[in-house]
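Chains as they are written, first to last, in our numbering: chain A, 7 to 496; chain B, 5 to 297; chain C, 3 to 317; chain D, 3 to 317.
Here the structure comes first, spelled out in structure tokens, and everything after it is commentary.
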Amino acid sequence: MRGIGKSFPGVRALDGVDFDLQPGEVHVLLGENGAGKSTLMKILSGACRPDEGEIHLAGQPQRIATPHHAQSLGISTIYQEFNLVPHLPVSANIFLGREPRRAGFLLDRRAMRRQAARALQELDVAIDPAAPVSTLGVAEQQMIEVTKALSLDARILVMDEPTSALTGGEIETLFAIVRRLRARGVGIVYISHRMEEIFQIGDRVTVLRDGRKVATHRLADVTTADLIREMADRELTEHFPREAVEPGPPVLQVRDLTTRTKLRGVSLELRRGEILGIAGLLGAGRTELARAIFGVDPIRSGEIRVHGCPASLRSPREAIRAGIGLLPEDRRQFGLVLPLSIKHNVSLPNTDRVYPRGLLRTAEERRLAQECVTGLRIKTPHIDQASGNLSGGNQQKVVLGKWLARKSDIFIFDEPTRGIDVGAKVEIYRLMNRLTRDGAGILMISSELPEVLGMSDRILVMREGRITGEFTRSEATQEAVLAAALGTTA
Amino acid sequence: GCNRTEPGANDSRPRVALVVKTLNSPFFLDMQRGAQKAAEQLGVDLIVQAAEREVDVERQMQIVENLIQTRVDVLCLTPSGSKELVPVVGKANRAGIPVLIVDTRLDEAAVKNDGVEFACFIGSDNYEGGRIAGAHFGRVFTNDTRLVVLEGIPGHETADSRVRGFRDGIKPFANLHLAASQPANNERDQGFNVMQNMLQAHRDIQGVFASNDMMALGALEAIRAADRAGQIKVVGFDAVEEARKEIAAGTMEGSVAQNPEAMGRLAIENAVKVLQGEPVPDYLPVPIELVTR
Amino acid sequence: MNFKKLLLHHGRQLGTLAGLLLLVLALSLRTPYFLTVSNLLTVLEQVSINAIVAVGMTVVIITAGIDLSVGSILAFAGVVMATVLQKDLPVPLGLAVGLGVGVGCGLLNGLLITIGRLPPFIATLGMMSIARGGALLFTNGRPVSGFSDGFRALATSQFLYIPMPTLIMLGVYVACHLLLTRTRFGLYAYAMGGNEQATHLSGINVRLHKTLVYGLCGLTSAIAAVILTARLNSAQPIAGMTYELDAIAATVIGGASLMGGQGTLVGTLIGALLMGVLRNGLNLLEVSSFLQQVIIGAVIIVAVLLDMTLKQNRK
Amino acid sequence: MNFKKLLLHHGRQLGTLAGLLLLVLALSLRTPYFLTVSNLLTVLEQVSINAIVAVGMTVVIITAGIDLSVGSILAFAGVVMATVLQKDLPVPLGLAVGLGVGVGCGLLNGLLITIGRLPPFIATLGMMSIARGGALLFTNGRPVSGFSDGFRALATSQFLYIPMPTLIMLGVYVACHLLLTRTRFGLYAYAMGGNEQATHLSGINVRLHKTLVYGLCGLTSAIAAVILTARLNSAQPIAGMTYELDAIAATVIGGASLMGGQGTLVGTLIGALLMGVLRNGLNLLEVSSFLQQVIIGAVIIVAVLLDMTLKQNRK
Ligand SMILES: Nc1ncnc2c1ncn2[C@@H]1O[C@H](COP(=O)(O)OP(=O)(O)OP(=O)(O)O)[C@@H](O)[C@H]1O
Ligand SMILES: Nc1ncnc2c1ncn2[C@@H]1O[C@H](COP(=O)(O)OP(=O)(O)OP(=O)(O)O)[C@@H](O)[C@H]1O
Ligand SMILES: [Mg+2]
Ligand SMILES: [Mg+2]
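See the structure below:
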């Protein structure tokens, strides 16, 4: 790819970027949120047309007009945002556009299901190929995207943050496959914000900043610090800067919480100034716990106390009134109203401030949004940008901003740093420090073990809807937590 | 029918507008034909406009308002609502455009109340037409007979007065019984369906009155489909071409004819008279009759 | 277990089916004329036109579209076909021309939506007006009537006591049900409706398939035109007004969502039957014309409410 | 720069506005009667009823809903109000009752949709039938006519040469524009339409606000009923048929999406004006009523195509 440029209204997303990929290598694309990584790859996969620049494949110049064209050239892509059809079964999603057929035009659903089952099995994923995608969680959806892209048998495989929704086990499986493909001579573009992964899997790395290419290195020649400096153009030090705060009285107590679906007698206590980490594997029920506390899903039995008083939280509205804020794991489905501007999304849970007596105070609205954009370094031309036009990481920051603007004192963060760049991650961690210092309690659900270990004061481990382990910061180790999550004894 | 002329193409020719209820019904097409013939003979520019749907009173009012803007010389109007169009006739009065009312009367009280004026009324009476149809059944059937009625759009004045006339028409005859009266919205396919349904419930019906010919023709097909052709007498309203054919073939009993062609012709003739300052009668009755074989 | 699966997968339809059965039961108790073979066949015959139009509408709605022009296309295809038939040309030629007109208008809708990027509502609203005007201009506003017995047999003949329109309807349903569930075309219809972006990114020619979907909808409207014309022995330029509402209603009562991605023809057929039975029953009960409208509205609401409640409890 | 921003933010409307201006230009060249003050005021007056109904419709469509019952609610509110007015009760009381009926029907729609979980299409389709039947039953099918001059002044009087219906329309637009852009209610409407789940999770009482949106739509229908009744000096139980289509068309031409989350009242007003100007112009040009339909359809398509192309080029 030579001299690729692309502009969106008000944004120069890419500016003369060169990028090359060799067969049999894993080429990492690195950059802050909104640096233009996804856009570059969308151009390669035909989802987006460049304003300028050219693409050569095996020496031949190519104009990639449509995703179909890209696929026929052997380019397979896992997009950052899911591209699944919710009401269709898993199998149809995997084979959409390449369905096994009988007699030329009849769908062979049985073969489709069989092949899907095989493909899923290869990735060690236990998902029913007949289940509609709409019933699956984020991690499962991510695995389906992976399965879909791998089943294409491509020359070039683009993976845009494939692991942001995955936990340890799946990541290992994925890496094993990536290595196998690399050995077979497939060229792989790998985008991730997890630095440790990059060194684990990558051969070369290209760093983008503000739509421009900064440099390309062999990974063997550089250190994390070098890369971060190139990405962010500034020094970033400590990775998990948790400053412990003396925990105060409990702000949130949950006793024997059981739901109709998954939770079985969950009890926990979150104290003032504390970060309580919740670890667990895909489908352990962590998200459900968050939803149940926040009043989204009905509770069958159990009790929730806020600041020591019994609270009945039957709707998010009541939960918010009680001072709880939820950062959901699926930002596009539950976190943001995509067609609305950043400004309006931030105002949404803060209408008591922005709309006192129901009437808009423009200045307050702009101030709040601006605060959030500046404070979280959201990369956007202005606060009136539709949040759907933001890069993935910046969308996540907007969701965060919604709750920060509200002075909640109980936060439930479900995968708070998913898709967030290293620099911003540290900012979020600092922010969590600040929140706890100011007396908030944070329930942090995360699938990134280092994050859980690094940031939590206490760690709960969930498995199959129950709490299966509790560790203090000092006694928690990667092995012990994993063992509790898997149900084996360490 | 497309009969537009360049506005102002020939300033000496008077411009006469005929606004009917709708042009997608044979009745008003016939009226248009009569008007066009007369217009050619008399050398007037004729503008015919109508709403897409017969019940759209407000749209008809808009059309009249728009024509007032083009300052037509005379306006002939078939009001979709006898009261609702009175205000717009007032607007024409104020613009100094003479108005002739065709086919459907304006409501007398409303006219008096608003103090509007029109040169004359040309037409016949829907109520009377319904009554004639009822009386006809009284003559045809002598023993106990059950009849059904297919009504027009519920709440639409024209159709309602026809049905009212029919009910009053059969009242004097003790042997005539109204078995059912159901709406079929003036449409042929609904006439078919509703007739089919009524045949399920009333196997002994001998007569059908439909408040327009479209429903009557639909009912006729339903009767044929039920193999009851010839056993049930159907009387429609409007005497459109197809109905006349059926009547001539003896398959349909009759249809009330209002002679729309004559209405159209008389409208233009009298419009010209009004323009030339000749006196015209207040009421020009167009004979209403039951067409039978 | 198997029953539970049935409930889960066809849940939406079973609810409406329950509503339909309740209605049938109520009518059977209230009037002796309802539950007779001849009346039920009558209902099936009457329902066929709306049900056929609703087939195309269902497919369009599955793709998250809408087609307001079905009634106008029906009228236009009907009058063109009728005019050809009256020229004493062979019946199949007339049929081909009529169906061709329907497909043509439908494809034009599709092109406006895919190439022109018009919202389906606007494109088909425009077509609704254009095709209606076209039908009126073509015939000068007058119906085209009187056809050969051969043609009319399409509506009047029977096979094993079953009226021909009903048989045609069943044929259309079976064919399109297979199309939707067994072919790529069907899968893509659901996929486009569920997530157009994802479908496009999966390398599917969304424009082509969407255009074809509207073509299919034009086709079913034209098939309905054939039956209507044969049934009334007349093609009217004002035929089919408000048919789009009936067709959309049947589709939505049958469980499709206007947001796309969902819907089945089994559901649509049940929806169309519900409306047909209701209208027939109200005629048989001789309910006053004003009250009929209130009852029709109420029954539609109650039927779908019932359905929603059943669905809710199952969850 | 500032112009670019204007284009970005009001892009959709500017396209349609261009279409409207083109149409006005074409009509001005083709007929001397069009570009006169009196004719333009006539258009503004004629457009007011559809434009007012379209206000409520726009808000409903922004929430990803639809309201098919506007025309029937208009009729029902109209006849009830007319009946009260004829009892020689004070005009404000009559107005209050009429508006109350409209709001009531609208809220009922809302409750069916939020509490009953019915798809908006079904709930309002039912209401369309029920309110129509109700209006017919209430009046026995007859129009209610003849009102005091005080009441009729709502349609016939003028202020600074501007007809009262136009003034009322402008008032409704300004008020509802402010409601949509300056109040919490407005923000929630857009949010619910853009992503209902995310809105719910932001602590917003979606049920309450959605119900209110339908109540507002009932209110604007009732306001339109007041003007229509005063204008015709009669309230008809069959008034307002197919008004829902006109209102939806104005809304969608004005840039709203039936998928929700988008739309502005400025756009809707332009959409309503486009349709009103077109109808007026075709009358002035003395186009035959059949051809009118073809042209109306074509212009709607072309206007939005133009708009889409402009939008596309800007990207
Ligand atoms: N459709 C669009 N409209 C307007 N701006 C866009 C659009 N898509 C992307 N952008 C902008 O282009 C820039 C690059 O976005 P891109 O998605 O490529 O970033 P990224 O490097 O993938 O970031 P992340 O790590 O957060 O995923 C961002 O500023 C984004 O806001
Ligand atoms: N809106 C929803 N509707 C239905 N099911 C949901 C919804 N959100 C989550 N789920 C269910 O919850 C599961 C994922 O959340 P869960 O709490 O079980 O896992 P988790 O521990 O959060 O793991 P992860 O988030 O990594 O998938 C999914 O299997 C899905 O079935
Ligand atoms: Mg990205
Ligand atoms: Mg989770």
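Yeah, the Cβ is synthetic: ideal placement off N, Cα and C, and Gly gets one too.
Anyone know if the C-beta pair for GLY1(C) and VAL105(C) falls short of 8 Å?
-> Only positions 3 to 317 of chain C appear in this structure, which leaves residue 1(C) out of reach.
Is the Cβ of HIS202(C) closer than 8 Å to any Cβ of chain A?
-> yes
Around the C-beta of GLY12(B), are 16 or more other C-beta atoms found within 10 angstroms, so that it is buried, or is it exposed?
-> Low per-residue confidence applies at GLY12(B): pLDDT is 45, beneath 50, and the placement is therefore not dependable enough to give any value.
Which residues of chain C have a Cβ atom closer than 8 Å to the Cβ of VAL91(A), listed in chain order?
-> TYR192, ALA193, GLY196, ASN197, ALA200, THR201 and GLY263
Around the C-beta of ALA191(D), are 16 or more other C-beta atoms found within 10 angstroms, so that it is buried, or is it exposed?
-> buried
Just the Cα atoms here: how many angstroms apart are LEU505(A) and ARG115(A)?
-> Nothing can be reported for residue 505(A), as the shown portion of chain A is limited to 7 through 496.
Sort TYR196(A), ALA238(A) and VAL211(A) by Cα distance to GLU433(A) and report the nearest one.
-> ALA238(A)
What span of residues does the alpha helix (DSSP H) with ILE389(A) cover, start to end?
-> Element bounds for ILE389(A): n/a, residue is neither H nor E.
For GLN66(A), is the classification buried or exposed, using 16 other Cβ atoms within 10 angstroms of its Cβ as the cut-off for buried?
-> exposed
Which residues share a DSSP beta bridge with TYR287(B)?
-> PHE125(B)
Give me the Cβ distance between PRO167(D) and ARG233(D), rounded to the nearest whole Å; I'm assuming they're in contact under 8 Å.
-> 7 Å
May I ask you to verify whether the stretch 175-185 of chain B touches the stretch 128-145 of chain B, counting CB pairs closer than 8 Å and requiring at least 3?
-> yes
Consider the C-beta atom of LYS403(A) and the heavy atoms of ligand 3; say whether any pair is separated by less than 7 Å.
-> no
Hey, would you say the C-beta of GLN83(B) is under 7 Å away from at least one heavy atom of ligand 1?
-> Strictly speaking, residue 83(B) in this sequence is Pro, with Gln absent from that position. Because no heavy atom of ligand 1 lies under 7 Å away, the Cβ of PRO83(B) does not count as near it: no.
Run down chain F in chain order and give the residues with a C-beta less than 8 Å from the C-beta of PRO121(D).
-> Given the protein chain composition of this structure (A, B, C and D), no chain F is represented.
Just to confirm, are VAL405(A) and ARG337(A) a CB contact at a threshold of 8 Å?
-> yes
Name the chain C residues whose beta carbon is nearer than 9 Å to that of GLY283(D)?
-> Correct list: empty, because the minimum Cβ distance to chain C is about 15 Å.
To the nearest angstrom, report how far apart VAL360(A) and ILE389(A) are at their CA atoms.
-> 15 Å
Using a Cβ-Cβ cut-off of less than 7 Å, give me the residues of the stretch 68-79 of chain B that come near chain D, in sequence order.
-> GLU69, ASN70, LEU71, GLN73 and THR74
Taking GLN339(A) as the query, report the chain D residues whose CB atoms sit under 9 Å from its CB, ordered along the chain.
-> Going along chain D in sequence order, the residues near GLN339(A) (Cβ under 9 Å) are ASN197, GLN199 and ALA200.
Helix or strand or just coil, what does DSSP make of GLU265(B)?
-> DSSP places GLU265(B) in helix when its eight states are reduced to three.
Could you spell out where the alpha helix (DSSP H) holding LYS25(B) opens and where it closes?
-> Careful: LYS25(B) lies outside any alpha helix (DSSP H), inside the beta strand (DSSP E) at 19-26.
Just to confirm, does PRO122(C) get its C-beta within under 7 Å of one of the non-hydrogen atoms of ligand 1?
-> no
Do GLU294(A) and LEU319(A) have their C-beta atoms within less than 8 Å of each other?
-> no
For a contact meaning CB atoms closer than 7 Å, what does THR222(D) contact in chain B?
-> Correct list: empty, because the minimum Cβ distance to chain B is about 16 Å.
Return the CA-CA distance between ALA275(B) and GLY47(B), expressed in angstroms with no decimal places.
-> Their backbone Cα atoms lie some 12 Å apart in a straight line.
Going along the stretch 149-183 of chain B in order, which residues come within less than 9 Å of chain C, judged by CB to CB distance?
-> GLU155, PRO158, GLY159 and ALA183
For PHE477(A), does the three-state DSSP call read helix, strand or coil?
-> strand
Comparing the C-beta of ARG209(D) with each C-beta of chain C, is any distance below 8 Å?
-> no
Taking a cut of 7 Å between CB atoms, which residues from the stretch 323-339 of chain A lie near chain D?
-> ARG323, ILE326, LEU332, PRO334 and GLN339
Length-filtered (3 minimum) beta strand (DSSP E) runs lying within the stretch 219-282 of chain B = 237-241 and 258-261
Indicate whether the contact test is met: 3 or more Cβ pairs, each with one atom in the stretch 308-327 of chain A and one in the stretch 169-182 of chain D, closer than 8 Å.
-> no
Ligand 3 heavy atoms versus the CB of LYS43(A): any closer than 7 Å?
-> yes
Three-state secondary structure assigned by DSSP to GLN264(C) = coil
Who are the Cβ neighbours of ARG107(A) in its own chain at under 7 Å, not counting the five residues just before and after it?
-> LEU113 and ASP114
Buried or exposed: VAL176(D), going by 16 or more other Cβ atoms within 10 Å of its Cβ?
-> It is exposed - the Cβ of VAL176(D) has fewer than 16 other Cβ atoms within 10 Å.
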